[in-house]
Amino acid sequence: MADASTDLLVVGAGAVGLALARKAAMDGRDVILVEANESFGMETSSRNSEVIHAGIYYQKDSLKAQLCVKGAHALYAFCESRGITTRNYGKLIVATDQEQCHRLEDLKAKGEVNQVPGLEILSGKALAEKEPDLKAEAALYSPLTGVIDSHGYMAQLEGEAENNGATIAYQSRFKSAVKTASGYDVIIDGQGEEMVLSCRHIINAAGHGSFAVSKGIDAIDQASIPPHYMAKGQYFTTTKKPPFSHLIYPVPSGGGLGIHLTLDVQGGARFGPDIQWVDAVDYTVNPNDRGKFHQLVSSYWPDLDEQDLVPAWAGIRPKIYADGSVFQDFTIQEQQDHGAEGVVALYAIDSPGLTSSLVLADYVLGLESLS
Ligand SMILES: Cc1cc2nc3c(=O)[nH]c(=O)nc-3n(C[C@H](O)[C@H](O)[C@H](O)COP(=O)(O)OP(=O)(O)OC[C@H]3O[C@@H](n4cnc5c(N)ncnc54)[C@H](O)[C@@H]3O)c2cc1C
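Read in order, the letters of the sequence shown are residues 628 to 998 in our numbering.
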């Protein structure tokens, strides 16, 4: 990419940056999307459960609650109209003892406040009819939950962004930005070769890189940049055909949703993610964790043998609080938060960021700072 100028620079081509670039281009804005990797979605956006969440878990009125529920409907509709595969399997959050049964009622109430449709508590017979091989006392059934072909989704976003006039530059790393009279002069590192990009607005959607990107913008009050924590989540798969036709989740505990069983769009099972705090990005999966996964999964799938589990992949949740609670909100900062005119910074876009990506893009592009 030679020196260039644009109205809007988006940093990061994960699901969120792609959705932003697409929407901005469709709105007629002049937009350039820069991505450090050689292709889109090579970090968190391709290292997750690919679940279209219904919005059960999130605090009332939080951004996660608002954007997830709307986002799930928008994502199903988007994929259906473009022939991208989704499978609306439905989800069962399973209680294996009496204490957990009470917590299902709380989750149902929380989901209903968030306007998640169709939630239903299933006990005994009804559950056995749906999933005869599942060991559980009761379950909360969420019919809206499903899975998506996330690669196909991102490829579609990339195509629509470009078809509407966005420029996408891969192997182009945002280094720093200096405030000018009309916006910013941004230094982009294209494989060792630097170029200057002049823009009026910047959206920082760089995932784990968003902290460093904000540090590189001279007009941002450095004290406004939150601390960066990383919560790694590993996955195992199995070659054994799962006897289930729904996504199976435990009752959440300990800061994550719990090691769940999801089905991919072809029906194959994967288990995860666990949660481990790490200091550096490292996507390896420790085969010695097989026993831990087996212990947790066999509480609801007793017929699974430990040898059936195969190490698969890992993703890393971007967090700004060290306790890692799943209930913490997306953090979106604009001028009044960090002092830099025309800049919006997205931090801690962990789950349900994939589900929310289309409506998150609408929300961000509607912010005052970008007008
Ligand atoms: C284990 C796990 C499971 C999850 N499961 C689900 C789920 O089932 N459903 C769901 O809805 N969500 C889920 N999520 C959350 C979802 O994956 C994320 O919210 C979403 O992928 C975030 O997308 P993003 O575009 O913000 O970030 P990313 O995908 O990380 O994209 C950021 C991009 O910025 C680029 N970048 C970084 N620094 C620079 C720079 N200086 N210059 C240029 N480019 C840069 C990176 O290379 C990267 O491509 C999960 C997340 C994890 C970790």
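Built from N, CA and C at the ideal position, the CB exists for glycine as well.
If you draw a straight line from the Cα of E961 to the Cα of E968, it is about 8 angstroms long.
Q963 is classed as exposed because its beta carbon has fewer than 16 other beta carbons within 10 Å across all chains shown. In the three-state scheme derived from DSSP, where H, G and I count as helix and E and B as strand, P900 is classed as coil.
DSSP places P945 within a strand segment (E or B) once states are collapsed to three. Contact check for L771 and V740: beta-carbon distance about 15 angstroms, past the 8 angstroms limit, so the pair fails to qualify. In this model, V912 and P945 are separated by some 18 angstroms (Cα to Cα).
Cα atoms of V986 and H700: separation of roughly 10 angstroms, rounded to the nearest angstrom. Spanning the alpha carbons of D776 and T633 requires a straight line of approximately 32 angstroms. Per DSSP, reduced to three states, the secondary structure at F801 is strand. Pairing K859 with A949 gives a Cβ-Cβ distance that is not under 7 angstroms. Shown here, N675 sits in coil according to DSSP, grouped into three states, outside any helix or strand.
Set against 6 angstroms, the gap from the CB of S672 to the closest heavy atom of ligand 1 is smaller. Going by C-alpha positions, N664 is about 31 angstroms away from R917. Selection M653, G895, G817 and I683 evaluated against S676 yields G895 as nearest (Cα-Cα). In the assembly as shown, H729 is an exposed residue. Its beta-carbon has fewer than 16 other beta-carbons within 10 Å. Rounded to the nearest whole angstrom, the C-alpha separation of T889 and S673 is 15 angstroms. Spatial neighbours of M857 in its own chain (CB-CB distance under 6 angstroms, excluding positions within 5 residues in sequence) are listed in chain order as V905 and I943. Note that the C-beta distance between A846 and K802 is not below 7 angstroms.
For ligand 1, no non-hydrogen atom lies closer than 6 angstroms to the CB of D916. Checking the 6 angstroms criterion, the Cβ of P879 is out of range of every heavy atom belonging to ligand 1.
Of the candidates A793, S851, K919 and S926, A793 places its Cα closest to the Cα of A652.
The shortest CA-to-CA distance from E820 to any of V813, S799, A839 and G779 is the one to S799.
The C-beta of R709 has fewer than 16 other C-beta atoms within 10 Å across all chains shown, which makes the residue exposed. Take G745, set aside five residues on each side of it, and the residues of its chain with a beta-carbon closer than 6 angstroms to its own are P770, in chain order.
Between D630 and V813, the gap from beta carbon to beta carbon reaches 7 angstroms or more. S809 and G966 have their C-alpha atoms some 16 angstroms from each other.
If you compare the alpha carbons of Q922, E764, I683 and I829 with that of E726, the shortest gap goes to E764. Exclusion of A804 from the 6 angstroms shell around ligand 1 follows from its C-beta lying no nearer than that to any non-hydrogen atom of the ligand.
Straight-line measurement puts the Cα of I815 at about 21 angstroms from the Cα of Y974. The residue from L981, Y685 and E789 with its alpha-carbon nearest to that of L884 is Y685. Of the candidates E662, A753, A833 and H921, H921 places its Cα closest to the Cα of D901. DSSP lists C826 as the bridge partner or partners of T633. Two segments are said to touch when three or more pairs of C-beta atoms, one from each, lie closer than 8 angstroms; by this definition the stretch 925-932 does not touch the stretch 824-834.
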